[in-house]
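Notes follow the structure.
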Amino acid sequence: MLRYLVTLQVADKSGLVEQIAHVISRHGGNWLDSELRHIDGLFAAILLLEVPAANWETLLENLECIEGLTLTYAKTTKAIAPQTYQNYSLVAYDRPGLVHQISNKISDLGINIERLSTSYESASHTGVALFRATFSLNQLDDAAQQQLTQALYELGDDVVLDII
5 MLRYLVTLQV
15 ADKSGLVEQI
25 AHVISRHGGN
35 WLDSELRHID
45 GLFAAILLLE
55 VPAANWETLL
65 ENLECIEGLT
75 LTYAKTTKAI
85 APQTYQNYSL
95 VAYDRPGLVH
105 QISNKISDLG
115 INIERLSTSY
125 ESASHTGVAL
135 FRATFSLNQL
145 DDAAQQQLTQ
155 ALYELGDDVV
165 LDII
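Here our numbering is used: the first residue of the sequence shown is 5, the next is one more, and so on.
And the structure:
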């Protein structure tokens, strides 16, 4: 069995996930991990698959038959032992460069971002543009967690940070 990280992008339509899952299943693939999103009319997916070596090329050909689909992939290795992560939620007024500022603060502390999800929304009562991020980091000791919290609050008075 080979492991591949596959990214897919295609105009969104009903039934895409079932269609993709059917192709993977039909070729003996195992869907190990994924992130699926609908963004501005597009469907985007990141999948970690385990596939019998003899079936990989045919599986790719069948996925590429999905109309308009763009596909990239990279061979991976077996995962290392599971790690413990700490999850955070950050909300602030939306502004250009905010993801760069957040990632810079985290990187400056030598911390790796394991997972990041962001969204744009309007505040329900005021209509103010809000930025929302949820991210996972390797488990931090108390001192590192305090440094991170302080660094993120330095982004502005509008920052709300929660450990979830």
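Note that CB positions come from ideal geometry on N, CA and C, so glycine has one too.
Model, not experiment: these values are computed from the prediction.
Practice prompt. Assuming Ile28 and Gln90 form a contact by the criterion Cβ under 8 Å, report the distance between their Cβ atoms to the nearest whole angstrom.
Written response: Not a contact, Cβ separation roughly 32 Å.
Item to complete: Could you check if Gly131 is buried or exposed, using at least 16 other CB atoms within 10 Å of its CB as the buried criterion?
Response: Exposed, since its Cβ has fewer than 16 Cβ neighbours within 10 Å.
Item to complete: Run through the segment 59 to 135 for me and flag every whole alpha helix (DSSP H) of 4 or more residues, listed as ranges in chain order.
Response: List check, alpha helix (DSSP H) in window: 60 to 68 and 102 to 112.
Worksheet item: Going along the chain, which residues of its own chain have a beta-carbon closer than 6 Å to the beta-carbon of Tyr157, five neighbours each way excluded?
Response: Result list for Tyr157: Val163, in chain order.
Worksheet entry | Simplified DSSP state of Gln143, which is helix, strand or coil | It is coil, neither helix nor strand.
Worksheet item: Quick one: what's got a C-beta closer than 7 Å to Ile117's C-beta in the same chain, skipping five residues either side?
Response: Cβ neighbours of Ile117 beyond the five flanking positions: Ser107, Ile110, Phe139 and Leu141.
Discussion item. What residue range does the beta strand (DSSP E) around Ser29 cover?
Written reply: Premise fails: Ser29 lies in the alpha helix (DSSP H), Leu20 to Arg30, not in any beta strand (DSSP E).
Discussion item. Closer than 8 Å is the cut-off here; do at least three beta carbon pairs connect the segment 38 to 45 with the segment 57 to 65?
Written reply: Too few Cβ pairs lie closer than 8 Å, so no.
Fill in: Start-to-end residues for the beta strand (DSSP E) that takes in Lys39
A small correction: the amino acid at residue 39 is Glu; Lys does not occupy that position in the sequence shown. Run containing Glu39: Asn34 to Ile43, per the beta strand (DSSP E) assignment.
Worksheet item: For Leu12, is the classification buried or exposed, using 16 other Cβ atoms within 10 angstroms of its Cβ as the cut-off for buried?
Response: When all chains shown are included, Leu12 counts as buried.
Discussion item. Is the separation between the beta-carbon of Arg136 and that of Ser128 shorter than 7 Å?
Written reply: Against a cut-off of 7 Å, the Cβ pair of Ser128 and Arg136 comes out as no contact.
Worksheet item: On the three-state DSSP scale, how would you describe Leu52?
Response: Leu52 falls in the strand class under three-state DSSP.
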